[in-house]
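Residue numbers (my numbering), protein chains in the order written: chain A, 1 to 258; chain B, 1 to 292; chain C, 1 to 373; chain D, 1 to 391; chain E, 1 to 248. What follows is a single structure, written as structure tokens, with notes after it.
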Ligand SMILES: Nc1ncnc2c1ncn2[C@@H]1O[C@H](COP(=O)(O)OP(=O)(O)OP(=O)(O)O)[C@@H](O)[C@H]1O
Ligand SMILES: Nc1ncnc2c1ncn2[C@@H]1O[C@H](COP(=O)(O)OP(=O)(O)OP(=O)(O)O)[C@@H](O)[C@H]1O
Ligand SMILES: [Mg+2]
Ligand SMILES: [Mg+2]
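What follows is the structure in structure tokens.
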């Protein structure tokens, strides 16, 4: 893992651009939720996206993943434009995401929830049995890593809120995307498990996976991320390594309220 | 020319009735996510009661409203409390379709059982009466029906938007648990909401009985256009339903001139499909249409 | 707490039971014509088989995607009229005509699906109803082609030497074959990745999309497959019955029978619609026999539907399975673990994993492979 | 399940086979859209059976009717005849009501070789299906119902004839058949068609149709109607204050409730009818007497047609001296009817090879508040009113 | 009869439907002017405790008392009447209604207009966002904003007992601070607060008493500061290294 940059000078260290947006905007009625945001996320790193409530983080996620159509601006992924593509295409381009307001398939079992995320790939595989042994094994392993392996056979609607959050996280990982966007993965999760999740993120990151995490748990953000982007009123106001961002007066003012 | 004016007048009068009935349907959906297939069956039931009342007593069928409106309100409350409330919230919309479909069948069956399948029509001394305005003949009965519709629509609108009850009703559907936690008696409120919806069917049915034949299976004939109206207007929006009803009623009436009765009826469905292509959520609806 | 092997033995037992059940079912169906007392009972059998085909076909959309179509009569009606018109106006062999008509309806279902699957829930139901009503109007009014309200007589596919009772028997087997095909396809989809994607659509469409499921295409495929089988069911019925009347071909009641049957049996189970069709088909005969000359049969049907919706919203088969589960070994009791237990288990697991790190690498490798594909 | 099912559905039992009764199977729309006329036909059939039994039966055997309800549904009607023939083992069948139901029912009868005499399938299409076992037990097919009226108009001096005609017909093979039969004739003689509206059977709002008709101000208004649609149409026309010189509607005006339903403004309304209780055919006098004694009021057209059906079948049975489901017997009955004439309450009937009857309907009109036969002249009970008073 | 506790749950057994028990003989008591914090792993039954306490879920056995009065079997509406209010976990705003209507519905059980107006001013003042988006549809707000509206709504009444289910979830640090500040204020005003939090350290720092719940039973309870200091608890329930914050 990269150690925090010791020099508080904002020097652009060279990095590989992963997901990037240019002038992305989205307004709802009179509210400019995302306001011409141009952001570049570091590929292969753990990126954090923080900002006060209502600063447009979730909307930004939604625009990037095609869940809602942006008013203006472009989105590219590793140099290729994914602007305006359908959500499933973006997902298949290697970008997975979780939802802030936890969404699971309520009347499927926890295991089936996991299997839904498997990419069939070809037509024969599409028609092959869903309970493929490899898939099931991997699903179990992931469930164990988020600490809900014992719930495998429970229907998702019957498990507690925090457990659903964990299931959602595991589901996203199951799809095995190259870039994983998480919207408040730790919200409502027991601190003991947050540790495990952090470890999981680190190890997947070490395998080469990129993360973009929205989170209000500052401890987690600071210990986990390599690069932090701070949003306010729909656009980035500051970015850099955690140690830098943490002490930036704009961030202190807008976000931490100090 | 006079045919055109005549058709416009007829279309507006018809649209008024459509508006009232569609408003009731919208109410169930807007506040309770219930697709009430049985609405038109209740409509026919009310019409039968009006007919029965006037043949038995010889009085004007409009007087039957004094009985049917409270009666339907109570039936509505009972139906919500005893039946609808048992459905799971997650599958409410779908299951309510089937449940109310079952109710519709039951009503149709009972009507046929009690009144036989014979077509009935209220006999009114002023049934064929008319007066002329701008070269168009306006039937007295149609004007009465229109007036009833307009008044009830207005009352409905005011109740839902201006009263504490209306607010509680909307809160109840949007998050019943939270509504209970702020102290709303959600059971009672939802029941009243349903009762009001059904009361509109009582008014509509009586209005309908003034100038139309009724028979037990007639409700099938009404379901289609009414459903089309509420989708075009935007599921859940009462003003939307009313406007769509007027527009479609008028359109149907005008299209009858060149196309004939049968093809003119398809207008509702073409409008429905066109709406879906252009604005799936309907012309006045919120995001709801997509969600549920 | 039952051990893993116990659970496994239980599942083997269940699988065996299932296979035996299917065989018994098949035997019962195949022997029905010889058991049926007379041509009338055989004809009732054909009707019930036809219901079963329609309900099972309906279940491709209703069961998998959760889109409840009350208007599937549109497709059975189109299939019936398509078959009839092709047979009447061309020299094509009736069976080819049947297949052709099924394909035509499937093709037609594509634009219809594109239009109507854009909306969910109530709007979709309403659109499906509208579809039937619009077709009813068209087929009634477009008399030159469809025979209008005079109805359309479909010539029988078998020669005059095949007497009516024998005709019933042949059509019974034909329907059974079609049903078996539909069931097989349903089963294949149910266990496939495609199927699980469809079920995800039923549960939460947006979320499924975010996971990379091309929901719209999936829905559309299911819809078209459903329309195809429904049309075949309708066409086969037309060839058997020989007379089409738009009022009965394009009736909401027929569409709702399909829903009722499927719901009654259970839309999440393979044999649910079949079971529902047998029960409802029999109930319809029974109600008619009992309350024939009053409108009471409608009341009875309505009550039946209401009871299903209120008390068995998941259907009979799931209700029975649940009952059976209560006696079968319970695996879910492993949910009962405290944080300390879990921590313990994990520690053990981690120790295991360290001990056999090679195996672990294998899995990791798989993960990486997946990412690149 | 199959065994249990057999047990229950066959609860009717095979009682038809016994030797001292003749069982006749009938399916009728006792519920649903056609239930009103269906019940009329049922009354007619039952009266006929009672009459026959009171008078020594058929071939010396008692007649027993087995009536099922087809719920006005074509699928059901076929299954009903299937049941009557196979399960209940009836000896003969009578036809159901309404054109829509006759064709599928006739198909079943044909497949089992049964004679099929029907009281109510008048539409021309019925006779184009190639059934050789089918006979319509009424004077004329729908097209010919207005023949006498057409003749009358043709005979009028050219300047008094209507110049324009408006048609409004229900989309139903029978109702439409009647109006279009007249339309063809009128167009032949140069009466211009200015409106031709077809409405679906379930229409309840006639104001737009009436508006279009009224707008043309046609001289003659022809309605191809059943009962209630005619009432609605007339009221809607009244609301628009349209006054044609002649107005003819099928079926509805002969209904006793008609005058009350349209507010007694009936004077001058014309209607074709195949039957009148006042007709002096020998068997009709007996029929009316018997029926009136039974029900307290004279029979209507539906009852008469049912009775006629009974008479026709009985004549064939008496002639062939057999009444059993065997193919030979049924074929004999069919053959006999093709070659002979039967005297019935609607007059002597004979049929062409497709089963079309070869007579004509009479025309009735409301004269002085009562419905009377006005055409043809030899049967007329009252003088025709050539120009209808305002309604 | 006066009781020394404002809220008492005694020997509660509860579960959903016919499924197995979730709460197995659980006892929790909250004295006046006290914040009791429930912590525990996901699925331990914390939310279930609150649901039982507010009458949303009827316990299979056990008693519930509010200010000494036996309220077992009361529905939520009656519970509110008895002086108990509950803020749900997750999101429970009325999405198709405006922020204003949401907040006003919080005062549904009140009738005194002046009091309502005063409370409205208070919550508007507390959460500037609420004032700013007063006429907006609540469903159109961001997740955290909705939580703020929800909390604001619950502040419209001043009950004796408040049940809070993870009030800080999804809130930014500023808003979290406000929420905890309000919790303290409520306590100072004499209210009994039963707080469920996964932000456990922060919650225990605020609370007077703590209760660790696991598998439907109270595992350990005691003064919040003691729980915070227990290294074993820290590892199992509070996350890793006890009492040494990672950064800053
Ligand atoms: N569907 C919508 N309709 C209208 N306005 C919306 C909608 N979704 C979001 N907004 C507005 O856009 C702004 C940004 O919302 P967003 O959900 O992106 O914030 P966020 O940064 O994710 O906040 P949080 O930390 O609370 O989750 C908010 O002011 C919100 O009110
Ligand atoms: N509606 C339900 N039906 C069946 N079981 C449920 C239901 N809700 C919760 N459970 C079960 O009850 C147990 C306790 O759930 P509860 O929501 O109280 O947990 P919690 O402690 O609040 O967890 P979290 O921190 O994740 O919110 C869990 O095991 C869950 O699986
Ligand atoms: Mg957010
Ligand atoms: Mg909880």
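C-beta: ideal position from N, C-alpha, C; glycine also.
Minimum Cβ-Cβ distance from residue i to chain E less than 9 angstroms
i: residue 185/B; result: yes
i: residue 3/A; result: Note that residue 3/A has pLDDT 44, beneath the 50 cutoff, so the model's placement of it is unreliable and the number below is only indicative. No, no contact with chain E.
Any chain B beta carbon closer than 9 angstroms to residue i
i: residue 32/D; result: yes
i: residue 81/E; result: yes
i: residue 228/D; result: yes
i: residue 9/E; result: no
i: residue 269/C; result: no
Contacts that residue i makes with chain F (C-beta to C-beta distance below 7 angstroms)
i: residue 101/A; result: No chain F is part of this structure, whose protein chains are labelled A, B, C, D and E.
Within chain C, the residues that residue i reaches when beta carbons sit closer than 8 angstroms
i: residue 112/D; result: 164
i: residue 125/A; result: 193
i: residue 227/B; result: 126, 129 and 130
Residue i versus residue j - alpha carbon distance
i: residue 265/C; j: residue 124/C; result: 23 angstroms
i: residue 35/C; j: residue 45/E; result: 58 angstroms
i: residue 111/B; j: residue 44/B; result: 9 angstroms
i: residue 145/D; j: residue 373/D; result: 14 angstroms
i: residue 332/C; j: residue 109/A; result: The predicted model places residue 332/C with a pLDDT of 43, which falls under 50 and marks its position as unreliable; any figure quoted below should be read in that light. Computed Cα separation, rounded: 11 angstroms.
i: residue 187/A; j: residue 211/C; result: 21 angstroms
i: residue 5/B; j: residue 249/B; result: 14 angstroms
i: residue 268/D; j: residue 244/D; result: 11 angstroms
Inter-residue CB distance, residue i and residue j (contact presumed, cutoff 8 angstroms)
i: residue 65/C; j: residue 319/C; result: Contact flag wrong, Cβ pair sits at about 23 angstroms.
i: residue 251/C; j: residue 61/C; result: So it is not a contact: roughly 19 angstroms between Cβ atoms.
i: residue 282/B; j: residue 232/B; result: 6 angstroms
i: residue 54/B; j: residue 187/B; result: The pair is not a contact, with the Cβ atoms about 36 angstroms apart (cut-off 8 angstroms).
Residue i Cβ short of 8 angstroms to ligand 6 heavy atom set
i: residue 216/A; result: This structure simply doesn't include ligand 6; it includes ligand 1, ligand 2, ligand 3 and ligand 4 instead.
Cβ of residue i within 9 angstroms of any chain C Cβ
i: residue 189/A; result: no
i: residue 89/A; result: yes
Chain D contact for residue i (CB, 9 angstroms cutoff)
i: residue 153/C; result: yes
i: residue 39/B; result: no
Within chain B, the residues that residue i reaches when beta carbons sit closer than 8 angstroms
i: residue 169/E; result: By Cβ distance, chain B contributes nothing, its closest Cβ being about 16 angstroms from residue 169/E, past 8 angstroms.
Contact set between residue i and chain D, taken where Cβ atoms lie within less than 8 angstroms
i: residue 266/B; result: In chain order: nothing, as chain D lies at least about 11 angstroms away.
Short CB-CB distance (under 9 angstroms) between residue i and chain A
i: residue 216/C; result: yes
i: residue 324/C; result: no
Beta-carbon neighbours of residue i, restricted to chain B and to distances below 7 angstroms
i: residue 106/E; result: 182
Neighbouring residues, chain D, relative to residue i (Cβ below 7 angstroms)
i: residue 294/C; result: 31
Segments assigned alpha helix (DSSP H), at least 4 residues, entirely inside the region 80-115 of chain B: DSSP runs (the alpha helix (DSSP H)) wholly in the region 80-115 of chain B: 92-115.
- prompt: Can you give, in chain order, each stretch of the beta strand (DSSP E) that sits fully within the region 189-243 of chain A and has at least 3 residues?
  reply: Runs of the beta strand (DSSP E) spanning 3 or more residues and lying entirely within the region 189-243 of chain A occur at 210-214, 227-232 and 235-240, in chain order.
Could you pull out every unbroken alpha helix (DSSP H) segment of at least 4 residues lying fully inside the region 6-72 of chain A, listed in chain order? 57-64
Extract the residue ranges of the alpha helix (DSSP H) inside the region 179-226 of chain C, only unbroken runs of 4 or more that lie entirely within it. 193-203 and 205-210
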